[in-house]
Amino acid sequence: MHDEMEIMDKLIADMEAGIYEPDDKLPSENDLARLFKVPRMTARKAYEKLQDLGYVYSRQGKGSFVRDQHQRIPLLFSGNESFSRKMIHMGYDYQSRNIFCDPIEYNHKVYKALEAQPEEKVYRIGRLRLIDNRPIAIHTSYVAESMFPDIGRTGRDITSMFDFYRGKGYTGFESMKTLLSVTYPGRKERELLACTSLIPLLVVETGCLDSQTNKPLEYTRIMYRSDYFTYEL
């Protein structure tokens with residue numbers, strides 16, 4: 001493990017110093033093994049971990065190459081425009097796929113944010129966000145059936161909550177307090193986001209209010225792949 005970390009630290013330092021530019025070919029496993037006087041398998045494991053962390057990518061039969069760390073998506077935390085529109089306006093090849101719509105069991109935090117009564121139904125609507133056909137985020141919105149009586153029937157077709165709200169006559173939106181945290185993906189998140197357990201996820205918990213009535217429209221939990229974004233608060 002110590003030898004793997006030494007190789008990784010050296011390669012990361014060289015990338016950050018500009019010795020290796022994006023898409024440059026990195027030393028072969030054999031070259032690293034000779035340089036660090038370690039078995040080739042140790043060099044291979046170091047490259048595998050660097051790939052898991054998003055520093056390098058591999059081409060079969062060609063070797064390992066530097067991944068561009070600067071081609072990241074700026075993430076703006078504002079409540080008056082949908083994530084979908086932000087991505088489209090920035091020119092990304094963007095898709096949003098609805099992955100579930102179902103009622104949840106009582107959750108104090110969610111119900112409190114929505115000002116919902118314990119006996120009311122609350123639904124969660126999940127969307128998988130993709131850029132260039134790569135999954136980058138999971139958005140889960142929680143909405144009260146009392147606000148949107150048809151949500152159980154129409155929720156499975158929603159790919160943009162803001163478009164859904166506009167279709168219901170809501171035109172102005174404000175954000176609730178935003179909470180940020182970091183976690184690592186579980187099995188389900190790894191499958192949906194096509195990532196390894198080493199890629200941290202930025203978790204954003206917030207909500208959306210109707211700006212005219214100040215009524216909560218949704219409570220939101222979003223999980224972003226940290227290796228695809230830069231963050232502007």
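Residues in the sequence shown are numbered from 1 upward in steps of one, following UniProt numbering.
In this text, a Cβ means the ideal position worked out from N, Cα and C, and glycines have one as well.
For clarity, every value in this text was computed on a predicted model and none was experimentally measured.
- In this structure the stretch 111–122 touches the stretch 216–225; the number of beta carbon pairs closer than 8 angstroms is three or more.
- Within the same chain, Cβ atoms closer than 6 angstroms to the Cβ of residue 84 are found at 96 and 160, the five residues on either side in sequence being excluded.
- When C-beta atoms of the stretch 161–170 are compared with those of the stretch 190–201, fewer than three pairs fall below 8 angstroms, so the two segments do not count as touching.
- For residue 47, the enclosing alpha helix (DSSP H) starts and ends at 40–52.
- Listed in chain order, the beta strand (DSSP E) runs fully inside the stretch 117–150 are 122–131 and 134–144, counting runs of at least 3 residues.
- Under DSSP, residue 25 forms a beta bridge with 65.
- Non-local C-beta neighbours of residue 125 in its own chain, meaning closer than 6 angstroms and more than five positions away in sequence, comprise 101, 141, 155 and 158, ordered along the chain.
- The alpha-carbon separation between residue 25 and residue 51 amounts to approximately 14 angstroms.
- Excluding the 5 residues flanking it on each side, residue 40 has same chain C-beta neighbours closer than 7 angstroms at 29, 30 and 33, in chain order.
- Membership of residue 165 in the alpha helix (DSSP H) is indicated by the continuous run 161–167.
- Per DSSP, the unbroken beta strand (DSSP E) holding residue 222 starts and ends at 216–225.
- About 5 angstroms separates the Cβ atoms of residue 151 and residue 123, confirming a contact at the 8 angstroms cut-off.
- In the DSSP assignment, residue 190 falls within the unbroken alpha helix (DSSP H) covering 187–193.
- Under the criterion of beta carbons closer than 8 angstroms, residue 209 and residue 173 qualify as touching, at roughly 7 angstroms.
- If you look at residue 105, you'll find it isn't in any beta strand (DSSP E); DSSP assigns it neither H nor E.
- Contact between residue 22 and residue 93 is absent: CB atoms are separated by about 20 angstroms, not below the 8 angstroms threshold.
- Non-local beta-carbon contacts of residue 136 in its own chain, meaning distances under 6 angstroms to residues more than five positions away in sequence, involve 129, 225 and 228 in chain order.
- A straight-line Cα-Cα distance of about 27 angstroms links residue 212 and residue 153.
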